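Each number in my numbering corresponds to the 1-based position in the sequence shown with 2 added.
Don't be surprised by glycine CBs; every beta carbon is placed ideally from N, CA and C.
All of these numbers come straight from a predicted model, not from anything done at the bench.
To start, the structure itself, in structure tokens.
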Amino acid sequence: RLITSSLASYDGRDKAQVEKLFFFLACCPEDVPLPFPVLKALSTQFEGEGQKHPGRKLRSWVMALIQMSLLKGTIHSGVYMHDIVRHFAREKVGKETLRENNKILVEHCMDARSYSGGTFGIIGEASFGTLNAYCQTYLTYHVSEAIGGEKADPNACAKNELLLKLIHDTDACVHCLAA
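In structure tokens, the structure reads:
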């Protein structure tokens, strides 16, 4: 009830987007801060295309969720959900939506790769709090969550569009994710 009440207490004009962001973040690993550069990579998912300042609205929505105690952390250190809040959000959205949200996160991160040549860089050399550092460490979690039960079925894996995209990518780091 407290979580639902906190969400309901937000009275900004972007209430639907704030709720969408809150439930989307349930796809992230437990107790792992999500750096703002990763959120910014997702900005078109929440703000729409063609924003003059991508990530600006997203930043204010994240701050609102922090103020409502639905997210922990800061914009600078990364944000995450308390385990009880995360559990509530994951139960509310369901497995299929979590799979889809993880797929969206993987695809947006791959599109936003920032090191020269469009890679996530050399593993271990990315600075903490960057998109590349997060992806080098946690994108395997998101890939695994995105393919769900298909991991056990080799035929399903061979037809999975996300896995095929990872396998055919030129980034060595991404090949490791598909393994």
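Local Cβ density within 10 Å of residue i, reported as buried at 16 or more and exposed below that
i	result
K105	buried
E147	buried
N157	exposed
G80	buried
L166	exposed
Backbone secondary structure at residue i - three-state DSSP
i	result
G96	helix
T172	coil
K167	helix
H55	coil
L44	coil
S8	helix
S62	helix
Beta bridge counterpart(s) of residue i as assigned by DSSP
i	result
K74	Y82
L36	V81
Close beta carbons around residue i, own chain, < 7 Å, minus the five adjacent residues each side
i	result
F24	L9, L67, L72 and A91
6 Å Cβ shell around residue i - same chain, five flanking residues per side excluded
i	result
K1	The chain is shown from 3 up to 181; residue 1 falls before or after that span and cannot be answered.
Neighbourhood of residue i by C-beta, 8 Å cutoff - its chain only, sequence neighbours within 5 removed
i	result
F48	Q19, K22, L23, F26, K59, L60 and W63
Among the options, the one whose alpha carbon lies nearest that of residue i
i	options	result
R101	P31, N157, S7 and G50	P31
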